[in-house]
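Mapping the sequence shown onto full-length UniProt numbering, position 44 (from 1) lands on 44, and the numbers just tick up by one.
What follows is a single structure, written as structure tokens, with notes after it.
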Amino acid sequence: MTTHLCINGEAFARTQKIVDWIASRTGWPIVSDRDLIEAAGQRFNISADRLERCMRASGGVLNRLTHGAERSVAYLKSVLADKLAQEPVIFHGFMGLLLPRENSPVMTVLVTADTDFRLQRALHAAPMDKRQAKKMIDRRDRTKFSCYRNVVDGQRFDAHTYDTVVPSDRMNAESAGRLILEQLVQFEMRAQTNTAGVLDDLKLASQVEVSLCERGYHVSATAEKGRVRLTVNQPVLFLKRLARKLERQVRRIEGVRQVETKPGPNFFQADVYRRCRFEVPAELAFRSFARCRQRLHDQAADQFPELSPRQVRSEQRPAIQLL
């Protein structure tokens, strides 16, 4: 089975240089999040800008009626499943995290850096003062977090989300690229042990999710050799009745042999008034996200020495010449 890369990085963390270096050595094409959104828009006859807006505003009242965000995620999963059946690619962004972690053919990488390092790179990238650079970094982090929280999962901020964490402030682009390729070889060796039918399972699960989301059901699906497992993500009054409806709909899809429905982690609500959905405020969730990213960086940075001032200047020189 073909192995792919998903490299997700912070703003001004030298992510683009690392991706370009790996692409130049492997010859793999680079697929950005925007490329996936446009491909999904063309396939399902919907505007790419509308898809992106739905993903950013998934917590609104309108989305609870239209389920636009859930449909957008299902469309993206369908496009991702088809991409995995083609030649190896480098997914530059966080859309590759949409795939389940179990037996995934995609190695996920997080490129992170210390705040001071990112600030210095922002100052060298454009003529601005330190205060403006801090605002720019914070604005980009919050924009990316809003999409990340809505599209992937509000709780997937831990180390289990990524196979490799690269501290780009402790190594140059070439060293980081070589580290990722070394980890990729080990990932491929582990992936060869249990990969039979993984792509077929991913395609079948994406077809099921698209079919159900287009009919207004907020359900996630996994598949294994024709056995489909549905997870109901929202509380409903009659779960057995819903399960029968879902089973009748899913069995119409080619390749489905068995259907199982179970409640998800958000199905049982502890609220006094069950119609109210009390969620973590966006500001608190962003702070938790930032602390987790900093913790991942610190754990990875402990394994590498700091860059010397000469190495830092050599990395910054091309950016200065471009101004």
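Even glycine gets a Cβ: it sits at the ideal position worked out from N, Cα and C.
By a beta-carbon distance limit of 8 Å, residue 293 contacts residue 112. Their separation comes to about 6 Å. Within the same chain, and ignoring the five residues on either side of residue 207 in sequence, the residues whose Cβ sits closer than 6 Å to its Cβ are 253.
Per DSSP, the continuous alpha helix (DSSP H) segment holding residue 211 begins and ends at 198-213. Scanning the region 209-256 for uninterrupted alpha helix (DSSP H) segments of 4 residues or longer gives 239-250, listed from N- to C-terminal end. Cβ-Cβ separation between residue 263 and residue 284: approximately 26 Å, too far for a contact (criterion under 8 Å). Between the region 43-57 and the region 4-22 there are fewer than three inter-stretch CB-CB distances shorter than 8 Å, so the stretches are not counted as touching.
When beta bridges are read from the DSSP output, residue 91 appears opposite 6 and 31. Apart from sequence neighbours up to five positions away, the residues of its chain that approach residue 56 with a beta-carbon distance below 7 Å are 146, 147 and 150, ordered along the chain. If you check the CB distance, residue 168 and residue 30 do not come in under 8 Å. In this model, residue 103 and residue 221 are separated by some 15 Å (Cα to Cα). By the 16-neighbour rule on beta-carbons within 10 angstroms, residue 171 is buried. Residue 21 has its alpha-carbon roughly 43 Å from the corresponding atom of residue 216. The shortest CA-to-CA distance from residue 203 to any of 108, 255 and 232 is the one to 255. Counting of Cβ neighbours within 10 angstroms places residue 110 among the buried residues, the total reaching 16 or more. With a 10 Å radius around the Cβ and a threshold of 16 neighbouring Cβ atoms, residue 27 comes out exposed.
With 16 or more other CB atoms across the displayed protein chains lying within 10 angstroms of its CB, residue 78 is buried. With 16 or more other Cβ atoms inside 10 Å of its own Cβ, residue 95 counts as buried. A straight-line Cα-Cα distance of about 52 Å links residue 237 and residue 117.
When the alpha-carbon of residue 232 is set against those of 44, 261 and 166, the nearest one is in 261.
In the displayed model, residue 171 falls within coil according to three-state DSSP, outside both helix and strand. In this structure, DSSP gives residue 299 a helical state, which the three-state scheme calls helix. The alpha-carbon separation between residue 93 and residue 123 amounts to approximately 23 Å. In the DSSP assignment, residue 136 falls within the alpha helix (DSSP H) that extends over 130-151.
Leaving aside the five residues that flank residue 184 on each side, the residues in its chain whose CB is nearer than 8 Å to its CB run, in chain order, 3, 5 and 107. Within its own chain, the residues whose Cβ lies closer than 7 Å to the Cβ of residue 100, once the five positions on either side in sequence are excluded, are 222, listed in chain order. Between the alpha carbons of residue 42 and residue 176 lies a gap of roughly 35 Å. Here residue 209 is buried, its C-beta having at least 16 other C-beta atoms within 10 Å. Looking at the DSSP output, residue 258 shares a beta bridge with 227. Selection 189, 191, 188 and 166 evaluated against residue 179 yields 166 as nearest (Cα-Cα).
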